[in-house]
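Reminder that position 47 of the sequence shown reads as 47 in UniProt numbering, one-by-one numbering, no gaps. C-beta: ideal position from N, C-alpha, C; glycine also. A short write-up of the structure that comes next.
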Amino acid sequence: MPLKRGTSKDTVSKNVKTEMKHGKPQKQAVAIALNQARKSGKKIPKKSDK
């Protein structure tokens with residue numbers, strides 16, 4: 001099932017839940033959901049390497 005497009009917290013949360021339901025670890029599910037929000041136009045900075 002494709003992820004929802006959008007930038008709201010509700011949409012990102014639902015995308016995380018969808019990915020976790022399909023067996024992804026939580027950190028990976030969050031990364032995928034935030035990447036989808038970035039593609040939809042949200043200004044979310046990428047995690048910097050420290």
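CA nearest to the CA of residue i, picked from the options
i   : options              : result
I44 : K24, L3, V12 and Q28 : V12
P2  : K14, D10, K9 and S8  : K14
Coil, strand or helix - residue i by DSSP
i   : result
L3  : coil
I44 : coil
S8  : coil
K24 : coil
Integer-rounded CB distance, given that residue j should sit under 8 Å from residue i
i   : j   : result
T7  : A37 : 5 Å
S48 : R5  : Not confirmed; about 26 Å, so no contact.
K21 : I32 : Actually they are not in contact, since the Cβ atoms of K21 and I32 sit about 12 Å apart, beyond 8 Å.
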